[in-house]
Each structure stands twice: as C-alpha cells, then as structure tokens.
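To start, the structure under review is shown below, and the notes come after it.
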Amino acid sequence: MSVSQEKFKELLKEKGLKVTNQRLLVLEVLAEHRDKHMAAEDIYELVKEDYPDIGLATIYRTVQLLLEMQLVDRINLDDGCARYEIGELFLGEAKHHHHHLICKTCGKVLPFKDDLLEELEGHIEEATGFHVLDHELKFYGQCKECLDRQDSTEKHVEV
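Given below as structure tokens:
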C-alpha cells in the first residue's frame with residue numbers, strides 16, 4: 089500500500105468517512121494525475137482498470153462526497169464539463185493559490201501556482217470588511233506552443 093493511501097485513510101477517518109476501495113481509488117487517481125483536470129468519466133476509466141466492477145454512478149457519488157468533504161476541488165473551465173482535481177487543502181496547501189491558464193486555440197489548461205491577489209484580498213477586507221475565503225481566477229489566451237506555431241505560420245506566409 090502506498091504512503092498516499094495511508095494518508096488518504098487517515099483523512100477519510102478524520103472526516104468521519106468510511107474507508108472504501110472506491111474512495112481510496114478515486115483519491116489515488118486524482119493524486120497521481122495532479123497536473124490534469126479530470127471529468128468523472130476520466131476518473132472512471134482509470135479506476136475501472138483496477139476495479140472493473142465499479143460503476144460510473146459510484147464515481148459520481150464518490151466525487152461528490154469527497155468534494156463536500158473538501159478533499160477534491162471542482163473546476164469550471166467554461167466548457168460545460170465539471171472537472172476535478174485533488175484538493176489543495178487535502179495536500180496541506182493553502183486553499184486559493186491555484187489558478188488556471190486556458191489556451192483559446194488548443195484548449196490546453198495550465199495550472200499557475202503564484203497568487204498575487206493576497207494584497208488585493210487584504211485591501212478588500214480593509215476597505216469593505218468583507219473577508220475573502222477563496223477565489224477562482226482564469227486567464228484566457230494562447231499557450232507558448234500555439235503562439236510559436238502561429239509565428240512560424242506567419243513567417244511562411246510572408247516569404
């Protein structure tokens with residue numbers, strides 16, 4: 089059993105949840121694919137490899153429960169599909185220091201860890217008395233690969 093599974097078991101117990109294979113497998117899949125933003129169907133395909141009897145409905149229920157327990161985070165990338173990733177709180181990190189860069193050309197989503205909004209949050213609280221608990225920030229543009237491809241295409245056209 090991996091060290092992460094021991095951590096998963098401990099956290100599930102702390103949250104008052106039963107430790108089940110389904111919950112462990114969903115958490116492990118999300119942890120192993122930290123750099124991906126996975127739909128429930130993506131999680132299902134990977135869990136099914138080790139647990140072929142699992143159903144998609146079980147994945148949906150498990151993800152919803154883990155979401156409510158703040159062990160996973162839901163991400164809306166404005167494509168009509170709910171995506172999930174292992175929670176920042178689960179990993180022992182601050183909740184809101186994770187943003188997304190979304191390429192409008194190829195659809196690639198890149199995580200961006202720097203959080204430059206702490207000063208703004210402090211200003212908001214000072215000015216309004218509103219305490220910010222979390223925020224979500226998405227930047228839309230073009231990734232380096234798409235920009236490079238565009239530049240090389242434009243150079244060929246100019247010749």
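Anchor point for the sequence shown: position 17 equals 105 in the working numbering, and the numbering is continuous, going up by one each time. Glycine is no exception: its CB is placed at the ideal position from the N, C-alpha and C atoms.
Check	Outcome
Considering just the uninterrupted stretch of the beta strand (DSSP E) at Tyr172, what are its terminal residues?	Ala170 to Ile174
With DSSP collapsed to three states, give me the class of Tyr132.	helix
Expressed to the nearest angstrom, what Euclidean distance is found between the alpha-carbon atoms of Gln230 and Ala127?	23 Å
Give me the DSSP bridge partner(s) of Phe200.	His187
Look at the alpha carbon of Asp202 and the alpha carbon of Phe227, and state the distance between them as a whole number of angstroms.	13 Å
Could you have a look at Val160 and say whether DSSP puts it in helix, strand or coil?	strand
Quick check: what's the CA-CA separation for Gly195 versus Tyr139?	31 Å
So, for Ser90: in the same chain, excluding its five sequence neighbours on each side, which residues have a beta-carbon less than 6 Å away from its beta-carbon?	Caution applies to Ser90, whose pLDDT of 49 falls short of 50 and renders its modelled position unreliable; the model cannot decide the point.
Report yes if the C-beta distance between Leu100 and Arg111 is below 8 Å; otherwise report no.	yes
In the structure shown, what three-state DSSP assignment does Tyr228 receive?	strand
Would you grab the beta carbon distance between Met157 and Leu115 for me? Rounded to a whole angstrom, and I think it's under 8 Å.	About 11 Å; that fails the 8 Å criterion.
Determine, using beta carbons only, whether Glu120 and Leu144 come nearer to each other than 8 Å.	no
Going by other Cβ atoms of all chains shown within 10 Å of its Cβ, with 16 needed for buried, is Val107 buried or exposed?	exposed
Between Leu198 and Leu189, how many whole angstroms is the CB-CB distance? I'm expecting something under 8 Å.	4 Å
Between Leu165, Gly175, Gly168 and Asp167, which lies nearest to Gln152 when the distance is taken from Cα to Cα?	Gly175
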